[in-house]
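Notes for the one structure printed next.
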DNA sequence: AAGTGGTCTAGACCACCTG
DNA sequence: AGGTGGTCTAGACCACTTA
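Chains as they are written, first to last, in my numbering: chain D, 1 to 247; chain E, 248 to 494.
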């Protein structure tokens with residue numbers, strides 16, 4: 001039987017497994033389990049919260065469906081991470097028109113701290129004038145520039161972020177954010193549109209001025225739906241495309 | 248205990264609920280339950296297949312997650328449909344930059360039958376020279392053209408499709424396809440890129456030649472991952488954007 | 001062998017909808 | 001009141017991994 005102390009007695013009914021989910025989420029947010037680490041087993045969590053294994057299981061099922069956790073049969077359940085997906089960056093939907101998705105080279109253009117411009121501050125929920133970090137970079141495939149990214153991060157969350165750190169790190173940038181700053185991107189919203197290349201952009205991407213580019217504005221969120229990254233990418237889609245699945 | 252006759256005894260282990268899922272899928276594909284209809288209750292299905300309700304439940308859970316079925320507490324489980332989503336077309340990710348997503352007007356430009364061009368035939372899995380239906384249309388918001396669509400369908404699946412039928416139908420086109428031709432779109436893959444408006448396109452969309460447009464190529468699938476629609480849309484993204492969620 | 005997640009059952013009870 | 005999906009339990013057993 002459900003533990004009476006745990007059952008939410010407010011008028012609005014809340015299933016037990018949802019309450020378990022909230023507690024697991026709190027553990028994640030508090031950093032009790034780090035990215036890539038194994039969380040306690042289902043039986044242990046069941047004992048800890050005094051519910052049956054099936055109830056814990058349902059909570060974990062949902063979190064796995066949201067890509068917060070990863071189950072591995074026989075091994076355990078692990079905190080999802082951007083660091084190990086060697087195949088492709090988890091949030092990058094750009095694919096080459098021909099051939100298989102290969103890793104792209106990165107080239108850091110700029111890394112500076114400044115006061116957040118109004119639109120950035122609004123998107124990231126910063127007070128006017130709060131510090132922000134701006135990154136600019138190129139992604140290249142076969143030595144050809146394909147993506148020109150402009151990235152904004154809240155300054156208070158990324159205190160020691162420098163160009164050296166970024167250049168020295170192997171693997172996805174989000175992996176660095178997890179390991180060094182404890183900031184995990186769990187969800188993002190993107191807005192896509194077609195735009196004409198402006199002078200500066202056309203130079204970085206080596207396309208004519210006015211050439212059509214795919215503009216991808218991304219707002220990334222961490223636990224509790226707090227926005228922690230604003231990014232605007234310009235994609236040269238002559239040899240690549242943005243892939244999406246609908247269902 | 249599981250019914251021995253149902254348990255797959257081949258070396259490769261297959262869970263019971265997966266086998267149930269296959270059978271439900273067959274029922275859907277065979278048209279035993281039409282779009283929007285209620286399927287038998289969990290207890291009845293459990294009795295029919297001689298498994299416990301929990302096993303049927305897990306099968307249905309997965310199919311609901313794939314948007315094949317829709318559960319409604321207290322009412323039953325229903326076959327997913329494109330016909331009733333009055334809010335927005337299920338596969339249309341275009342949003343106005345400001346304001347709330349409002350329905351768009353449709354304007355049919357053309358509807359003709361012809362032999363499928365090679366690239367269309369390849370995408371739809373047609374033999375060279377098999378008949379196909381081509382549709383062209385505009386979507387408008389506030390009297391302004393926003394989307395110019397070019398749509399290809401296998402001729403043998405859409406025998407009686409005419410301009411009159413299309414114009415006379417209220418609601419999403421996919422709703423008509425379900426009701427009149429029994430063809431249900433359950434999944435689609437899209438490829439997005441930025442392109443420059445060609446002369447004809449620029450006239451339909453009332454934009455200058457060379458203006459950047461968002462090109463959306465969609466291949467839609469029905470049960471059994473059979474491709475049944477190829478579509479190329481050109482979106483004017485000056486007042487709209489393509490919205491996507493990552494996780 | 002022991003530990004993990006994965007499947008399946010049988011039964012109880014709850015929340016929601018309809019007549 | 002009766003049907004539907006939704007939750008929760010306790011226990012058995014299976015598949016996969018590691019030591």
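We put the beta carbon where it would ideally sit given N, CA and C, even for glycine.
Predicted model only: the values in this text are computed from it and were never measured.
By the beta-carbon neighbour count (other beta carbons within 10 angstroms, threshold 16), residue 469(E) is buried. With contacts defined by Cβ atoms closer than 8 Å, residue 330(E) and residue 425(E) form a contacting pair. Residue state for residue 67(D) is assigned as coil, using DSSP reduced to three classes.
Neighbours of residue 237(D) across chain E, judged by C-beta separation under 7 Å: 440, 441. Under the three-state reduction of DSSP, residue 368(E) is assigned to helix. Take the alpha-carbon of residue 26(D) and the one of residue 186(D): they are about 14 Å apart. Within its own chain, the residues whose Cβ lies closer than 6 Å to the Cβ of residue 217(D), once the five positions on either side in sequence are excluded, are 191, 232, listed in chain order.
Collapsing the DSSP output to three states places residue 82(D) in coil. The residue among 46(D), 150(D), 142(D), 155(D) with its C-alpha nearest the C-alpha of residue 129(D) is 155(D). C-alpha of residue 64(D) to C-alpha of residue 31(D): approximately 18 Å in a straight line. Residue 244(D) places its beta carbon 8 Å or farther from that of residue 314(E).
One finds 491, 492, 493, 494 in chain E with Cβ atoms closer than 9 Å to the Cβ of residue 188(D), taken in chain order.
Sequence-distant Cβ neighbours of residue 169(D) in its own chain, meaning closer than 8 Å and more than five residues away, are 175, 176.
By the neighbour-count definition (other C-beta atoms within 10 Å, threshold 16), residue 237(D) is a buried residue. Closest option to residue 323(E), judged by alpha-carbon separation, among 286(E), 408(E), 475(E), 389(E): 286(E). Counting every other CB atom within 10 Å of its CB across the protein chains shown gives residue 449(E) a total of 16 or more, marking it as buried. Two segments are said to touch when three or more pairs of C-beta atoms, one from each, lie closer than 8 Å; by this definition the stretch 397–414 of chain E touches the stretch 372–386 of chain E. Around the Cβ of residue 455(E), a 10 Å sphere holds fewer than 16 other Cβ atoms; the residue is exposed. Taking a beta-carbon distance threshold of 8 Å, residue 395(E) does not count as an interface residue toward chain D. Boundaries of the alpha helix (DSSP H) harbouring residue 163(D): 163–168, taken from the DSSP string. Contact annotation: in the stretch 459–481 of chain E, residues whose CB is within less than 7 Å of a CB in chain D are 459, 460, 461. In the displayed model, residue 424(E) falls within a helix according to three-state DSSP. When DSSP states are grouped into helix, strand and coil, residue 25(D) belongs to the helix group. For residue 449(E), the uninterrupted alpha helix (DSSP H) run begins and ends at 446–452, by DSSP. Around the beta carbon of residue 149(D), a 10 Å sphere encloses 16 or more other beta carbons of the protein chains shown; the residue is thus reported as buried. Excluding its 5 nearest sequence neighbours in each direction, residue 309(E) has C-beta neighbours in its own chain below 7 Å: 268, listed in chain order. DSSP places residue 443(E) in the strand class (E or B) of the three-state scheme.
Interface criterion not met: the Cβ of residue 82(D) is under 8 Å from no Cβ in chain E. Looking at the DSSP output, residue 152(D) bridges to 134(D), 230(D).
At least one CB of chain D lies nearer than 8 Å to the CB of residue 338(E). Residue 27(D) does not reach chain E, its nearest Cβ partner there being about 20 Å away, counting only Cβ pairs nearer than 9 Å. By DSSP's assignment, residue 336(E) forms no beta bridge with any residue. According to DSSP, residue pairing for residue 220(D) in a beta bridge involves 188(D), 229(D).
Here residue 431(E) is buried: its Cβ has 16 or more other Cβ atoms, across all protein chains shown, within 10 Å.
It is roughly 36 Å from the alpha-carbon of residue 289(E) to the alpha-carbon of residue 90(D).
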